[in-house]
Structures are given as structure tokens and as C-alpha cells.
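Counting from 1, position 55 in the sequence shown corresponds to residue 55 in the UniProt record's numbering; the numbering is continuous, with no gaps. Built from N, CA and C at the ideal position, the CB exists for glycine as well. Because the structure is a prediction, the values reported are computed rather than measured. Written out below as C-alpha cells is the structure these notes cover.
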Amino acid sequence: MSNLCPECNSPISDGVPTCPNCGFPLAEGKTKQLKAEAVEEFEASPATVANDGDDNGDDKIEGASLDVPALSDGGAASSGQPESNSATEEKPVGFCPKCGNPVNADQAYCGNCGFKLIEKRQAVDEHKHLKKDISLKVPRLPKGALKIALAACAVAIVAIFVVPALTVSTDDLLMKGDFEGAYAKASGDKAKADILALNHIATLCPDVIDGLKDGDSFELRQAWYDPAECEIVLKVSGANSMGGTVSNYWYYTFDEDEGTFSLYTTVSDLEEEEIYEYADEWDEKLEKALNNVAKGDIGEIISDDELELPKGHIKAINALFEEDKLDDVALIDAATKLAPKGETDA
Numbered sequence: 001m002s003n004l005c006p007e008c009n010s011p012i013s014d015g016v017p018t019c020p021n022c023g024f025p026l027a028e029g030k031t032k033q034l035k036a037e038a039v040e041e042f043e044a045s046p047a048t049v050a051n052d053g054d055d056n057g058d059d060k061i062e063g064a065s066l067d068v069p070a071l072s073d074g075g076a077a078s079s080g081q082p083e084s085n086s087a088t089e090e091k092p093v094g095f096c097p098k099c100g101n102p103v104n105a106d107q108a109y110c111g112n113c114g115f116k117l118i119e120k121r122q123a124v125d126e127h128k129h130l131k132k133d134i135s136l137k138v139p140r141l142p143k144g145a146l147k148i149a150l151a152a153c154a155v156a157i158v159a160i161f162v163v164p165a166l167t168v169s170t171d172d173l174l175m176k177g178d179f180e181g182a183y184a185k186a187s188g189d190k191a192k193a194d195i196l197a198l199n200h201i202a203t204l205c206p207d208v209i210d211g212l213k214d215g216d217s218f219e220l221r222q223a224w225y226d227p228a229e230c231e232i233v234l235k236v237s238g239a240n241s242m243g244g245t246v247s248n249y250w251y252y253t254f255d256e257d258e259g260t261f262s263l264y265t266t267v268s269d270l271e272e273e274e275i276y277e278y279a280d281e282w283d284e285k286l287e288k289a290l291n292n293v294a295k296g297d298i299g300e301i302i303s304d305d306e307l308e309l310p311k312g313h314i315k316a317i318n319a320l321f322e323e324d325k326l327d328d329v330a331l332i333d334a335a336t337k338l339a340p341k342g343e344t345d346a
């Protein structure tokens, strides 16, 4: 006997645990019997009684034309004639992904386990596009765009690296203690000679600082370099024991054997000292005589503006002192080969 789903009234077979149309769970006693429904429909339809009016007075009952099929358990009519089904029985098109029971194409739920098939098919349909080959169109760059981009990159590289290297001055390099770079960048013999002299001055200043009463008050005011005689004069100021600021000239001559400068003397002024024949001792007379000679040499050097080092070089030395980097300065290779003008290395 075929049953109807109590939820959606769809025909269902015996022994099916869930409705294949709506998935409603089925239990005995809750299904509707088709046969009982047909009987109820027949009892609710009254028969049509017709009197033919003959003398016999016999009543002729014409029953309503009712087709009440006797349904078997399989849902077929008991008349022996096969049930005419407008829609032929659909062949299974697949299987339930949960229990493997055959299912039809329009079946919403599995008749065996109640698994909801519609959502599963929709999920599969939604991802069908993933099986298709997807070809993305890569936009083409306009003609010449690559060349323009490469040119822009080249300009950026030049702006970042090349331009700063070209615009940096020798004084900037000296402020960093880069005497090698400053010497390489300097243009002209005099400029290069000044860099080498300044390299020597940077190595001499730590001794000058140690010779001051207050080393922290050190300040290089001016510097001169005579390439002909290979002599250096420094004008250094510092605080004295009384707290005042005094300036002294530090006079250096070149030691060709050592290849470095050595201190000849230091004087506070350039006035010639008077030598007293009877009052001064012999060593005092000698010292004054030597100082007077040195003062004369110093005066000649500082009077020549061509021999004075640029102000930027002086600032570089003071900057290195303030940053406590003077002790780190070493002579570059070219500075070790410095010699009086006109002389060559042995």
C-alpha cells in the first residue's frame, strides 16, 4: 500500500524512513492511507437517484460515476489494468553522497537517509566555474612605457646616488674625517697639497691640545702651509690659568728623515725679543736668538695670503675636535710622501 507524506502529501513507498520530496522523517501510524482517503471521498459523494415513471414503480438508482481504485501495497489499481502514469518512472541519475542510495534528478531528499540533495547540487553548481579554464587578460603597456619607466628609474638612481656624490664638497668630506675622499675630489695641485697639509695638522693637534692649560678650550683659529719649505704654522687659542683666552703660534718644520712635521717652537707674539749682552745667560741669549729667527719665518709665512688654508678646512678640524675624532685621524698614503716643493722621493 502506498502512503502519503504527512508533511507535503507526496506519495511514498512503504519502508521509506524519510520523504524523498521534503525529507520529513516518517514513522508508522503517521502516514495517510490512499485507500482510506478514497473511501472517505466516496462516502462524502451522494448517489443520484432517478425515477423513470413506469407503472411498475421500480426505482432505478443511477450511481455516480466513481472510479475508486483498489490500491494494492505497491500503489497500483486492483482492476488488473496497469496504472496509467503520465510521467514514466525516472531512472536514477545519481547516488546519495551520504548513504549511496540511488536518487533521481528532481529528488530533494534521499529516500533512504533523508540527506538534503538540493543544497548539495547547488553547491556543486556554484563551483562548476572552477572547472573551466580561466584565462586572465594581462593589460598591455602602451608603446614606449617600458622605456619611460627605465628612464625614470635611471633618473631616480642618479638623483639618489650620483647627484649627492657630485654636489658634496671637499669640506663636507673633511668634516667627516674622510681625507682620502677629499684628496681624491680636490682639483688642482694647491688644493691637493692643502688637503695633505691638513691631514698632517689633524695628527698634530692632539699634541697641541695636551700642551694647553685647558685642553677642552682648544680652538684652531688659522693655519698656513708653505709647500716650498714644507713648513706649517698654526694659530691656536685656549684658556690660560687665569681663565682668559690667549693665542699662540705653533711653528712646525718638516723632518725629511721621518716624513713628518715636528714642533720647532711656539710663541705668543711676533715681536723680536731683545737680547741683553750682560744680563742674559748664554742659554737665554741662544733661546731668544732662535725665537727671533722663528718669529721672522712665521711672519713671512702668515703674511702671504696664498699660504693660508681655507676657512672650511679650519672648521673641519674644530668639528673633528668637538666630536672627539682627532685621535682617530691617520695619515693617508699620499700624505706620507709629502716633501718640500722641488724635491722628489728617494
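Out of curiosity, what's the CA-to-CA distance linking residue i and residue j?
i: L173; j: I195; result: 11 Å
i: E281; j: D171; result: 48 Å
i: D297; j: C153; result: 58 Å
i: S217; j: L263; result: 20 Å
i: L117; j: C96; result: 8 Å
i: L270; j: K295; result: 5 Å
i: A330; j: A316; result: 15 Å
i: A184; j: V246; result: 36 Å
i: L326; j: A319; result: 9 Å
i: A228; j: G188; result: 16 Å
i: residue 363; j: W224; result: Given a span of 1 to 346 for the chain in the structure shown, any question on residue 363 remains unanswerable.
i: I157; j: A186; result: 24 Å
i: F254; j: Y278; result: 35 Å
i: W250; j: D304; result: 17 Å
i: T265; j: V155; result: 55 Å
i: N112; j: K98; result: 10 Å
i: H313; j: S169; result: 11 Å
i: V267; j: G243; result: 19 Å
i: A191; j: E300; result: 21 Å
i: F115; j: A149; result: 60 Å
i: N9; j: G15; result: 16 Å
i: E7; j: F24; result: 7 Å
i: D214; j: L234; result: 18 Å
i: C19; j: G94; result: 17 Å
i: N240; j: N248; result: 11 Å
i: I302; j: V293; result: 15 Å
i: N101; j: N3; result: 20 Å
i: V103; j: L26; result: 18 Å
i: A193; j: L290; result: 28 Å
i: D324; j: L212; result: 16 Å
i: E306; j: T260; result: 22 Å
i: E273; j: G238; result: 23 Å
i: C5; j: P11; result: 6 Å
How is residue i classed by DSSP in three states: helix, strand or coil?
i: K295; result: helix
i: residue 363; result: Past the edges of the chain, shown from 1 to 346, lies residue 363, and the structure says nothing about it.
i: residue 349; result: There is simply no residue 349 to check, as the chain begins at 1 and stops at 346 in what is shown.
i: S217; result: helix
i: V233; result: strand
i: D255; result: strand
i: P11; result: strand
i: E273; result: coil
i: V208; result: helix
i: Y264; result: strand
i: N3; result: strand
i: V155; result: helix
i: Y278; result: coil
i: A186; result: coil
i: L290; result: helix
i: A339; result: coil
i: D194; result: helix
i: residue 351; result: For residue 351 there is no data in the structure shown, the boundaries of the chain being 1 and 346.
i: K285; result: helix
i: G181; result: helix
i: E322; result: helix
On a Cα-Cα basis, can you pick out the residue from the options that is closest to residue i?
i: D226; options: M242, G244 and Y252; result: Y252
i: E258; options: T266, H200, G188 and V168; result: H200
i: C230; options: E272, V329, E256 and S247; result: E256
i: A202; options: P25, C22 and M175; result: M175
i: V236; options: M242, W224 and E219; result: E219
i: A105; options: A145, K147 and N21; result: N21
i: E308; options: D328, A289, Q222 and S241; result: Q222
i: residue 378; options: N248, N292 and D210; result: No information on residue 378 is available, as it lies outside the stretch 1 to 346 that the chain covers here.
i: L198; options: K311, P17, N3 and L4; result: K311
i: C110; options: L146, P17, G144 and K147; result: P17
Identify every residue that forms a DSSP beta bridge with residue i.
i: V103; result: G94
i: T245; result: A239
i: K116; result: Y109
i: P25; result: T18
i: A223; result: L234
i: E308; result: W224
i: W250; result: L234 and T266
Query - At least 3 beta-carbon pairs within less than 8 Å: the stretch 176-183 vs the stretch 203-220 - result: Touching, no.
Report task. Spell out a yes or no on whether the stretch 282-296 and the stretch 329-343 are touching, meaning 3 or more CB-CB pairs, one atom from each, closer than 8 Å. Result -> Verdict: no, contact absent.
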